[in-house]
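Last residue of the sequence shown: number 433 in my numbering, and the count goes up by one each step with no gaps. Heads up, the beta-carbon is just placed ideally off N, CA and C, and yes, glycines get one too. Notes for the one structure printed next.
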Amino acid sequence: MSTISVNSEINPLKKVLLHRPGRELLNVTPASLERLLFDDIPYLAAAQREHDRFAAVLRENGAEVVYLEDLAAESLAQSEDIKRRFIEQYIAEAGIYAQKYRRHVFDLLMKIPCEKELVLKTMEGITLNELDESAHRFLENRFPAGGRSGTDKTVIDPMPNLYFTRDTMVVIGEHLCINSMYSVTRRRETLYGAYIFDYHPDFKDRVKRCYGRSDPLHIEGGDVTNLTDTVIAVGVSERTCADAVEALARNLFADKDCAVDTVLAFTIPVKRAFMHLDTVFTQVDKDLFVVHPGILSSLEIFEIRVKQDGCGNTISDAACSSVRDKNAAENIELTIQKAEGSLEHILARYMGVDSVRLILCGNGNSIAAEREQWNDGSNTLCAAPGTAVVYSRNEVTNELLDKAGVKLCLIPDSELSRGRGGPRCMSMPLIRQ
1 MSTISVNSEI NPLKKVLLHR PGRELLNVTP ASLERLLFDD IPYLAAAQRE HDRFAAVLRE
61 NGAEVVYLED LAAESLAQSE DIKRRFIEQY IAEAGIYAQK YRRHVFDLLM KIPCEKELVL
121 KTMEGITLNE LDESAHRFLE NRFPAGGRSG TDKTVIDPMP NLYFTRDTMV VIGEHLCINS
181 MYSVTRRRET LYGAYIFDYH PDFKDRVKRC YGRSDPLHIE GGDVTNLTDT VIAVGVSERT
241 CADAVEALAR NLFADKDCAV DTVLAFTIPV KRAFMHLDTV FTQVDKDLFV VHPGILSSLE
301 IFEIRVKQDG CGNTISDAAC SSVRDKNAAE NIELTIQKAE GSLEHILARY MGVDSVRLIL
361 CGNGNSIAAE REQWNDGSNT LCAAPGTAVV YSRNEVTNEL LDKAGVKLCL IPDSELSRGR
421 GGPRCMSMPL IRQ
């Protein structure tokens with residue numbers, strides 16, 4: 001079995017990456033909610049119980065669950081040099097630039113003997129009272145008058161969105177995207193994935209990349225859907241720009257070992273409620289999708305493929321054996337054309353099935369649809385064809401799924417949903433059958 005392999009949204013889930021919410025949630029305050037992209041402050045103990053149930057449901061359905069914090073810790077444990085470089089990069093990306101005060105933070109983190117505790121601490125963030133007294137006087141001056149007072153000031157922000165592991169990374173076939181995040185708040189999150197796939201013995205030198213965290217065009221994993229082994233859908237959304245979709249397509253098409261030959265760009269309204277494609281559209285069975293009706297009137301879908309000559313040969317100036325050969329990718333000529341027809345007909349045509357059924361989130365009722373989409377009623381995760389993990393609170397949509405023959409795995413969500421993400425957002429499949 002490959003180290004990573006995902007060619008579908010519905011095939012049996014065999015291995016999945018999660019992050020159990022940790023103390024980073026305790027450093028979210030009312031004043032920092034907007035900056036940290038949260039709408040409310042979750043209760044950590046309850047959020048952990050809900051997440052533990054989520055992980056248990058995945059295991060009960062045959063998936064091996066691995067945790068971001070564990071894999072990151074195992075990666076740092078490979079050598080002292082890797083650990084030091086991680087800490088230095090973490091500090092630099094946190095915006096601590098003065099050498100003297102970078103040293104205070106560096107010393108604090110290097111003193112943590114356990115790699116997992118170190119990883120969890122970097123996720124949690126750092127407050128002023130954790131640093132040496134000599135650092136306080138300088139760092140206090142970094143905060144404007146009228147701001148938070150005392151030694152509980154945040155020196156390095158927490159990363160409360162980390163439990164949405166789908167956003168930072170995504171597997172396409174046997175290729176990995178480590179995503180270039182839209183929000184400054186979330187860009188540091190991809191550091192853990194970079195170290196895991198660079199240094200963890202299970203992944204080092206064994207995984208091809210099709211996008212990188214430092215790529216200038218923003219793309220996030222919630223916008224990427226594996227429809228078949230040859231067709232993917234990518235949302236053009238609040239968090240993923242059209243140019244990034246084109247760049248991803250070029251990278252995939254340039255690799256002779258990549259099976260993907262078609263990228264469908266789904267244009268959805270640019271708004272926080274619809275931040276990613278998977279907040280409004282997910283697959284639950286071979287011919288069945290959940291969709292938020294609020295996108296249907298404005299949805300446009302564009303087909304992106306490689307331009308070919310009259311003999312069916314790819315038009316490019318260079319052959320490519322590496323997906324990250326940027327020159328070869330840039331030389332690939334693309335054709336982009338609007339896909340005509342209803343969403344059902346477009347999906348059926350590109351997926352090679354007779355027909356496709358759509359379940360409307362909230363049963364088409366405008367009030368129920370808005371409420372349940374906001375609480376991730378259309379953000380489902382398939383454990384297997386026709387078996388979907390869903391938030392229990394979305395009763396209208398869940399009833400429709402049940403009537404359509406979908407086996408529902410209900411999970412509690414009172415606290416997890418405060419971060420604006422559902423079961424699909426909280427999972428990064430590494431292997432599907």
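C-beta atoms of residue i and residue j nearer than 8 Å
| i | j | result |
| --- | --- | --- |
| Met428 | Phe54 | no |
| Pro293 | Cys361 | yes |
| Ile172 | Leu252 | yes |
| Val390 | Leu408 | yes |
| Arg102 | Ile112 | no |
| Thr190 | Thr230 | no |
| Thr154 | Asn27 | yes |
| Pro269 | Ile301 | no |
| Val6 | Asn226 | yes |
| Val290 | Val284 | yes |
| Ser8 | Arg349 | no |
| Ala247 | Ile332 | no |
| Gly352 | Asn379 | no |
Helix, strand or coil at residue i [DSSP, three-state]
| i | result |
| --- | --- |
| Thr122 | helix |
| Glu303 | strand |
| Arg424 | coil |
| Ala373 | In the sequence as displayed, the identity of residue 373 is Gln instead of Ala. Helix at Gln373. |
| Asp317 | Residue confidence is low: Asp317 scores 41 on pLDDT, short of 50, so the model does not pin down where it sits. No coordinate-derived value is stated. |
| Phe203 | coil |
| Ala384 | strand |
| Ala233 | strand |
| Ser75 | helix |
| Ile411 | strand |
| Lys208 | strand |
| Ala145 | Because Ala145 carries a pLDDT of 41, less than 50, the predicted location of this residue cannot be relied on, and the following value inherits that uncertainty. In the structure shown, Ala145 sits in coil (DSSP, three-state: anything other than H, G, I, E or B). |
| Phe289 | strand |
| Asp70 | helix |
| Met275 | coil |
| Met351 | helix |
Range covered by the beta strand (DSSP E) that runs through residue i
| i | result |
| --- | --- |
| His175 | His175 to Ile178 |
| Val340 | For clarity, residue 340 is Glu in the given sequence; the question names Val instead. Element bounds for Glu340: n/a, residue is neither H nor E. |
| Gln99 | It is not in any beta strand (DSSP E) - Gln99 instead sits in the alpha helix (DSSP H) that spans Gln99 to Met110. |
| Asn226 | Val224 to Asn226 |
Terminal residues of the alpha helix (DSSP H) in which residue i lies
| i | result |
| --- | --- |
| Tyr163 | First-last for Tyr163: undefined, no H or E at that position. |
| Asp243 | Ala242 to Ala254 |
| Arg49 | Leu44 to Glu60 |
| Leu17 | Run containing Leu17: none in the alpha helix (DSSP H); it sits in the beta strand (DSSP E), Leu13 to Leu18. |
| Phe86 | Glu80 to Glu93 |
| Thr397 | Glu395 to Lys403 |
| Thr267 | Segment Thr262 to Thr267 is the beta strand (DSSP E) holding Thr267; no alpha helix (DSSP H) there. |
| Val280 | Here Val280 belongs to no alpha helix (DSSP H), and DSSP marks it neither H nor E. |
For residue j and residue i, believed in contact at Cβ under 8 Å, the rounded distance
| i | j | result |
| --- | --- | --- |
| Gly193 | Asp157 | The Cβ separation is near 19 Å, so there is no contact. |
| Leu277 | Gly235 | 3 Å |
| Asn61 | Thr387 | 6 Å |
| Val105 | Leu131 | 7 Å |
Original post:
Touching or not, the region 155-164 and the region 401-420, by the rule of three or more beta carbon pairs under 8 Å?
Top reply: yes
- For the region 230-250 and the region 189-206, state whether three or more C-beta atom pairs, one from each stretch, are separated by less than 8 Å. no
Report task. Take every Cβ of the region 209-228, pair it with every Cβ of the region 167-183, and state whether three or more of those distances are shorter than 8 Å. Result -> yes
Within the chosen definition, does the region 92-101 reach the region 40-56 through at least 3 CB pairs nearer than 8 Å?
-> No, because fewer than three Cβ pairs between the region 92-101 and the region 40-56 fall closer than 8 Å, the two stretches do not touch.
Review point. Does the region 377-387 come within contact of the region 328-348, defined as at least 3 CB pairs closer than 8 Å?
Key: As far as the Cβ criterion goes, the region 377-387 does not touch the region 328-348, which means the pair count is below three.
Note to self: With three or more C-beta pairs closer than 8 Å as the rule, is the region 68-81 touching the region 27-39?
What the structure shows: Touching, no.
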